[in-house]
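See below for the structure under consideration.
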Amino acid sequence: MTNTLILVFILTMIIHTAETLSYSIRYAGVQVKKLAVALSLVGIVVLVSRTANLIQAPMTAHFVDFAKIEPTFNLERYLRISLFASSIGTLIAIALFPSFINLSVRVIARLEVAGSIPKLISSVTVGQLKNTKNYIKKPNLKLSQFRYLGIPKRFLLINIVVTAFYSVGVLSSLYAAHLLPEFATTASQASGLINGIATILLTIFIDPQLGLITDKALHDESQRKQLGKIYTLLMTSRFLGTLLAQVFLLPSAHFIGWMVKWIF
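Adding 148 to a residue's 1-based position in the sequence shown gives its number in my numbering.
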């Protein structure tokens with residue numbers, strides 16, 4: 149199980165690093181006023197995340213199956229370690245944010261020349277890959293630079309909660325399946341009960357305001373300079389959300405269990 153846990157940990161890190169780095173691609177698109185092109189690259193990053201998830205999800209579910217035949221197996225501990233990987237992945241993305249912005253600007257420019265993702269990928273040379281070291285930039289986070297951004301605290305708080313729900317949704321449903329073996333299959337498919345809450349909050353409170361902020365940055369130079377700091381705040385709130393997910397794990401599992409027994 150240790151080897152499986154290591155693989156799950158790595159894949160979970162990849163998932164959250166990729167998802168969080170999508171902010172840097174969006175920001176690069178705003179910088180060069182090519183947001184639509186940048187969003188097409190975001191799709192590639194999401195593809196990496198979902199591909200990793202295709203492997204990670206059944207491997208995580210295997211922990212539940214193993215716990216059925218091995219009573220001494222500490223399933224909660226393994227799930228919490230897996231969840232901790234999401235925090236590490238988000239921190240990695242925050243550290244890579246400045247470098248990935250520079251790299252994304254270059255990729256957007258090359259995508260315009262290539263005309264398509266397949267042509268872009270096929271045009272990459274070894275020399276260009278070696279040249280990526282020139283885009284590396286050290287992250288520089290100072291609390292004072294975020295003081296006057298005017299971002300509502302409620303907006304950041306909701307982003308923390310949304311991230312916590314998304315991070316814990318699948319894991320809590322798996323743990324609910326462990327707690328309720330008679331409803332194991334039903335509970336394991338009930339992550340939507342948790343993720344649904346996150347989707348509602350995201351759709352109503354996060355996406356519209358983030359869209360407005362990004363649109364202002366496209367048309368206002370002063371707003372454009374602040375957008376990177378705003379995205380850094382959002383990534384930081386995502387990190388806090390992954391930590392909050394540790395608190396949500398057991399309550400969410402019991403909530404799913406209660407809903408499964410009440411409905412079915």
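Ideal Cβ placement from N, Cα and C applies to all residues, glycine included.
All values derive from a computational prediction rather than experimental measurement.
Rounded to the nearest angstrom, what separates residue i and residue j at their Cα positions?
{"i": "V185", "j": "L259", "result": "8 Å"}
{"i": "M207", "j": "I158", "result": "12 Å"}
{"i": "E369", "j": "F303", "result": "23 Å"}
{"i": "D483", "j": "I217", "result": "Given a span of 149 to 412 for the chain in the structure shown, any question on residue 483 remains unanswerable."}
{"i": "A338", "j": "V408", "result": "8 Å"}
{"i": "V132", "j": "H367", "result": "No answer is possible for residue 132: the residues shown for the chain start at 149 and end at 412."}
{"i": "E167", "j": "F387", "result": "12 Å"}
{"i": "F403", "j": "F353", "result": "24 Å"}
{"i": "N222", "j": "I308", "result": "28 Å"}
{"i": "Q204", "j": "T160", "result": "7 Å"}
{"i": "A393", "j": "A401", "result": "12 Å"}
{"i": "G405", "j": "K377", "result": "40 Å"}
{"i": "P219", "j": "S320", "result": "19 Å"}
{"i": "L360", "j": "I411", "result": "39 Å"}
{"i": "A262", "j": "L169", "result": "23 Å"}
{"i": "M149", "j": "L375", "result": "43 Å"}
{"i": "Y296", "j": "Q371", "result": "Its pLDDT being 44, under 50, Y296 is placed unreliably in this model, and the coordinates cannot settle the point."}
{"i": "L202", "j": "K267", "result": "26 Å"}
Do residue i and residue j have their CB atoms nearer than 8 Å?
{"i": "T165", "j": "G237", "result": "yes"}
{"i": "L227", "j": "L382", "result": "no"}
{"i": "S235", "j": "V156", "result": "no"}
{"i": "S247", "j": "I284", "result": "yes"}
{"i": "T362", "j": "V178", "result": "yes"}
{"i": "A176", "j": "I269", "result": "no"}
{"i": "I348", "j": "G317", "result": "no"}
{"i": "A346", "j": "S336", "result": "no"}
{"i": "K182", "j": "I265", "result": "no"}
As a quick exercise: from the options, pick the residue whose alpha carbon is nearest that of residue i.
{"i": "T311", "options": "L350, T362, I154", "result": "L350"}
{"i": "K301", "options": "T334, A401, V316, S385", "result": "S385"}
{"i": "T199", "options": "K181, L183, I265, I163", "result": "I163"}
{"i": "I192", "options": "I173, K182, A209", "result": "I173"}
{"i": "Y314", "options": "G340, A325, V196, T380", "result": "G340"}
{"i": "L322", "options": "A209, V196, N201", "result": "A209"}
{"i": "T390", "options": "I306, V194, K182, A257", "result": "I306"}
{"i": "Y171", "options": "V395, S336, I345, L358", "result": "L358"}
{"i": "P329", "options": "V272, A215, I154, Y379", "result": "A215"}
Evaluate the contact criterion for the segment 173–189 versus the segment 223–242: three or more CB pairs, one atom per stretch, below 8 Å. no
Pick out the complete alpha helix (DSSP H) segments inside the segment 304–381, 4 residues or longer, and give them in chain order. 332–336, 340–349, 355–367
Please give the ranges of any alpha helix (DSSP H) in the segment 190–232, keeping only runs that are unbroken, at least 4 residues long and fully inside the region. none
Which whole runs of the alpha helix (DSSP H) in the segment 149–183 are 4 residues long or more, in chain order? 150–179
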